[in-house]
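Here is the structure we will look at.
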Amino acid sequence: MQAVSKTALWVASMRATEAARPDRLHHDPLATAVVATAIEPIPPAPPGAAEFMAVRTRFYDNFLLSSNATQVVILAAGLDARAFRLPWPSDVRLFELDLPELLDFKSQLVADTGLTAACSRVVVPVDLRDDWPTVLTAAGFSAASPTAWIAEGLLQYLTEPDRKRLLDAISALSAPGSRFAFDHMDSSADDREVVVDTLDRIRSMGAEFVATVDDPARWLAAHGWTVSTDRVPALAEAYGRPLPDFMDPAAANATALCTADLA
1 MQAVSKTALW VASMRATEAA RPDRLHHDPL ATAVVATAIE PIPPAPPGAA
51 EFMAVRTRFY DNFLLSSNAT QVVILAAGLD ARAFRLPWPS DVRLFELDLP
101 ELLDFKSQLV ADTGLTAACS RVVVPVDLRD DWPTVLTAAG FSAASPTAWI
151 AEGLLQYLTE PDRKRLLDAI SALSAPGSRF AFDHMDSSAD DREVVVDTLD
201 RIRSMGAEFV ATVDDPARWL AAHGWTVSTD RVPALAEAYG RPLPDFMDPA
251 AANATALCTA DLA
């Protein structure tokens, strides 16, 4: 499995850890199955990473359930189980985009565990560095309908040109009323110990954290989007799960969780 796909296993393991907690912020039967069936050991997460991941996951869950969109696109979906675990309205159509090898692995896992999607789920095997809008449209996506987009943990793996192409495409495909949620890490985190540790672990899996991203809201605003930003510690407090005292506040605050709306 490709390196970026290996990081999907890593994320799934953290979600499985959260799902086992009595005070969990989400449940994830697919992540639990990933851990149970893993052939190779999944690298352990650095201290605080699972807590961070739980908050990030809940942020995107809340965004999608409040979006009221009947068309949802999950970019770099990985082992995302939202099609199966969220209480979707019956008219929602959800598109999952990711590398073919990873989606094949996921499809087999879904079949083995007997999970059933709670919405109309469309799997779209494609590399986001290629012409994914054409592939998505061929799969039944309608640019005339308002869409809820999410790019969870994605932007930092893209080069600046690839990131701009992605945002250009999202804007071009979005009808008025569309919403877009994404996260990014400020450059202020570059030298924080826990961040360096996390990036070292990602690189040990063969993936590369390409870049921190400062203020993508400025780019989106120029394309008609209105952006609001939350920070992980404040969201953790709002969800009733304050971050552990040992976590570096500066590193935790360096991650922005953003919501953009297109009028």
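For the sequence shown, counting from 1, position 50 maps to 50 in full-length UniProt numbering; every step adds exactly one. Cβ coordinates follow ideal geometry from the N, Cα and C atoms, glycine included.
- Here E101 is exposed. Its C-beta has fewer than 16 other C-beta atoms within 10 Å.
- Judged by beta-carbon spacing, A151 lies within the 8 Å limit of L75, meaning their Cβ atoms are closer than that value.
- When the Cα atoms are used, A31 and L99 turn out to be separated by approximately 18 Å.
- Per DSSP, D215 lies in no alpha helix (DSSP H) segment and is marked neither H nor E.
- CA-CA distance, P29 to V126, rounds to 25 Å.
- The beta carbon of A54 sits closer than 6 Å to those of E18, L25, all from its chain and outside the five residues before and after it, given in chain order.
- In the structure shown, the three-state DSSP call for R85 is helix.
- By the Cβ criterion, the stretch 115-133 is in contact with the stretch 85-97, since at least three pairs of Cβ atoms, one from each stretch, lie closer than 8 Å.
- When rounded, the separation of the alpha-carbon atoms in M247 and A144 is 44 Å.
- With at least 16 other beta carbons inside 10 angstroms of its own, P216 counts as buried.
- Here DSSP, grouped into helix, strand and coil, assigns E96 to strand.
- Counting along the chain, S145 sits inside no alpha helix (DSSP H), nor does DSSP assign it H or E at all.
- V34 and L103 have their C-alpha atoms spaced approximately 13 Å apart.
- With distances taken between CA atoms, K164 lies nearest to L220 out of L220, N62, A139.
- Taking a cut-off of 8 Å on C-beta distances, the stretch 65-75 does not touch the stretch 248-258, as fewer than three cross pairs fall below it.
- For R165, the secondary structure class from DSSP, reduced to helix, strand or coil, is helix.
- Fully enclosed beta strand (DSSP E) runs of no fewer than 3 residues occupy 71-75 of the stretch 19-77, in order along the chain.
- Less than 8 Å separates the beta-carbon of P133 from that of A169.
- In this structure, R231 sits near A256, with a CB-CB distance shorter than 8 Å.
- DSSP, reduced to helix, strand and coil, places D112 within a helical segment of the structure shown.
- At a Cβ-Cβ threshold of 8 Å, T147 and V227 do not count as neighbours.
- Excluding its 5 nearest sequence neighbours in each direction, R179 has C-beta neighbours in its own chain below 6 Å: S67, A148, D261, listed in chain order.
- Inclusion of F95 and L115 in the CB contact set at 8 Å is not warranted, their separation being larger than that value.
- Using a 10 angstroms sphere on the CB of S142, the tally of other CB atoms stays under 16, which defines it as exposed.
- When T70, T137, L9 are compared, the shortest CA-CA separation from P44 is found for L9.
- DSSP, read as helix, strand or coil, puts L257 in strand.
- For R179, DSSP records a beta bridge to A148, D261.
- With a cutoff of 8 Å on beta-carbon distance, P242 and A234 are scored as not near each other.
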